[in-house]
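Chemist: Attaching a single structure in structure tokens format; questions to follow.
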Amino acid sequence: MNILLVENDFYISELLTEVLTEHNFIVEAVFNGLAPLQFIKKHNCDLIILNVVLPKLDGICLCRQLRAEGYNKPILFLSSIDTPELFALVKDAGGDGYVLKPFKIEQLLSHINNLLNPRLVQPTLLPTISLNYPKNQQSQYLPQSVSLA
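According to the UniProt record's numbering, the sequence shown is numbered sequentially starting from 1.
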């Protein structure tokens with residue numbers, strides 16, 4: 001799976017690239033908000049990990065622009081800002097997840113795996129029962145009398 005990591009902190013970017021590569025992800029890292037716009041047009045990305053605070057174009061605006069241009073794969077945000085308002089902005093911009101810094105790598109991997117491998121909900125098929133009662137007839141199979149008018 002290909003991940004585009006958009007993180008302005010070089011140390012965090014290097015660390016995440018190393019850890020994600022160890023978990024069999026192919027990671028490309030960029031350091032500003034404008035680079036992904038061109039990168040996405042030329043490369044296949046299964047997931048974007050996006051910091052909120054970026055030089056040149058912030059993560060919220062970048063996410064909005066990517067969604068407006070038709071990018072429909074998951075976008076996972078990273079941020080050290082913990083406010084309900086920012087969380088709402090992330091969701092409104094089209095973000096699929098939000099991980100608060102500092103985080104444990106297991107937490108990030110769990111979010112990544114859930115976004116890349118969503119659980120398929122198998123619908124439960126229930127038997128269909130057809131009741132063909134004449135109008136105004138009552139059912140004798142129910143504990144209470146029910147009018148089918």
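Cβ coordinates follow ideal geometry from the N, Cα and C atoms, glycine included.
Taking 8 Å as the threshold (C-beta atoms), are Gly70 and Gly33 in contact?
Modeler: no
Chemist: Does the stretch 42-49 touch the stretch 2-9, meaning 3 or more C-beta pairs lie closer than 8 Å?
Modeler: Taking 8 Å as the limit for Cβ pairs, the verdict is that the stretch 42-49 does touch the stretch 2-9.
Chemist: Are the beta-carbon atoms belonging to Leu76 and Ile40 less than 8 Å from one another?
Modeler: no
Chemist: Going by alpha carbons, who is nearest to Leu109 out of Val19, Asp9, Glu7?
Modeler: Val19
Chemist: Ends of the alpha helix (DSSP H) at Phe39?
Modeler: 35-42
Chemist: Going by Cα to Cα distance, which pick from Pro102, Val90, Ile81 is closest to Gln65?
Modeler: Val90
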